[in-house]
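Please read the structure below before turning to the comments.
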Amino acid sequence: MTTDFGETSERASGVAVQPDGKIVTAGLSGGRFALARYTSQGDLDATFDSDGKVTTAITGANDGASGMVLQSDGRIVAAGAAGTGDFALARYTPNGSLDTSFSADGKVTTDFGGGNDQALAVTRQPDGKIVAAGLGNNDFALARYEVGTAEVSGTDVAVIKTGPTTVSLGDQASYTVTVANQSTPDSATNVTLSDTLTGPGRVLTAVPGQGTCTTTATGASCALGTLAPGASTHVTVVVEPTATGALSDTATADATESDPTPGNDTDSVATTVNNAHGCTILGTPGADNLSGRAGNDVICSFSGNDNINAANGNDIVYAGSGSDAISGGNGADTLNGGPGNDKVSGDNGNDTLNGEAGTDILTGGNGADTLNGGPGTDTCATGPGDTAVSCP
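Reminder that position 358 of the sequence shown reads as 714 in the working numbering, one-by-one numbering, no gaps.
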């Protein structure tokens, strides 16, 4: 396994394994300190400076780390040499940021009186003080440093949220919330997640990888239990847009223990709702009775157990979630049942029927129809000229 920092001269000189199994390396890249953190599977850890890698300029040229040590609170100390020929140390928080409680900017250099000084090894005492050893002007050199801010107990619960930047009326936006305990010594207990939606939409579901969630139209509350050091879980939040505009979905995590780095407890995703499907008839989040007009309609009914009659014309229906009854009427229609146990009938014309997720009943009717049951145990009633997919 190799990791490219984008420079021609790169090497790792120190390595340590965290209690959660993650691996941290320190060395140099392009004349700078370079650190990388990997998961126990060998992948770059995205919770460490967002891409698993970080570089630090001590003087801006010919800097490099030769060793590193982990503190009990998850902070990382790298030691080596600065381009000025001095001992150089840098300390990082568990998420890869320079620790400004250590020498104000997270970096310190020590001059042993001229010549080339270089720290070759670093360790920490039981009281937390940091000891670096190496060369000082061609002599043995040893330096001990105060820790600045004392090592703290607690758990660093971090949140990373991902989701779409755009979504169309008639579709759903699915957001993934990752909640991670980035601490090395302690478990996070009674972990909770609060998810809040603002803008033209409603929360449909929130499904956790562990624990339970309850939902309202504007958010979700989840009790996720305990996260061991380095462990994480996911919550999938599905949102239905109800009008064009701007959605914002924000997730915030908490735990019983104090959090030494609370700045990463919250994350948000902004989503623009457009009308890419060209919806001409809109429903509501409730149970609707919707009818098409004489022309070609695009009916977007949203969630709820809806009754939809597309009527005449070549129509498109996006039924949304719920157990819906959809009739195509006359014309070449495309009928999308959405999640739920739907009854979809093409009626007259060469129609395309998509049951989508759920236990659906699809009936082609007159014409050369295509019936696609989708996920679930579906029933497809076909006639001459019809094609059935994903049906028994």
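Glycine residues also receive a C-beta, built at the ideal position from the N, C-alpha and C atoms.
For clarity, every value in this text was computed on a predicted model and none was experimentally measured.
Exposure label - Thr743; buried when at least 16 CB within 10 Å = exposed
Output the distance between the C-alpha atoms of Ser385 and Thr364, rounded to the nearest integer angstrom.
-> 8 Å
Work out the CA separation of Val591 and Ala607 for me, nearest whole Å.
-> 10 Å
Cross-strand partners of Val371 (DSSP beta bridge) | Thr381
Does DSSP put Pro597 in a helix, in a strand, or in coil?
-> strand
For Gly470, three-class secondary structure by DSSP | coil
What separation, rounded to the nearest whole angstrom, lies between the Cα atoms of Thr552 and Asn472?
-> 56 Å
Assign Met357 to one of two classes, buried (16 or more other C-beta atoms within 10 Å of its C-beta) or exposed (fewer than that).
-> exposed
Could you give the distance in angstroms between the alpha-carbon of Val700 and the alpha-carbon of Ile682?
-> 5 Å
What are the boundary residues of the beta strand (DSSP E) that Lys409 is part of?
-> 409-412
Just the Cα atoms here: how many angstroms apart are Gly586 and Ile432?
-> 15 Å
Member of Gly721, Ala602, Gly711 whose CA lies at the smallest distance from the CA of Val745 = Gly711
Contact belief for Asp689 with Gly714 at Cβ below 8 Å, rounded distance in angstroms = So it is not a contact: roughly 19 Å between Cβ atoms.
Given 8 Å, three or more beta-carbon pairs between the segment 463-470 and the segment 618-635 = no
Run through DSSP, which three-state label would Gly619 get?
-> helix
Closest by C-alpha distance to Ala529, when choosing among Gly721, Asp605, Ala446 = Asp605
How long is the line joining the alpha carbons of Thr511 and Phe389, rounded to whole angstroms?
-> 27 Å
State buried or exposed for Gln481, treating a residue as buried only when at least 16 other CB atoms are found within 10 Å of its CB.
-> exposed
Which ranges does the alpha helix (DSSP H) cover as unbroken runs of at least 4 residues, wholly within the segment 542-614, from first to last along the chain?
-> none
Spatially closest choice to Ala446 from Ser428, Ala475, Asp671, by CA coordinates | Ala475
Which of helix, strand or coil DSSP assigns to Arg649 = coil
Touching by the beta-carbon criterion (3+ pairs, under 8 Å), the segment 518-526 and the segment 559-577 | no
Contact under 8 Å by Cβ, Lys378 with Asp405 = no
For the beta strand (DSSP E) holding Lys485, just list the boundary residues, first then last.
-> No beta strand (DSSP E) holds Lys485; DSSP gives it neither H nor E.
So, do the segment 542-549 and the segment 567-585 have three or more beta carbon pairs nearer to each other than 8 Å?
-> yes
Inter-stretch contact at 8 Å, needing at least 3 Cβ pairs: the segment 566-573 / the segment 485-504 | no
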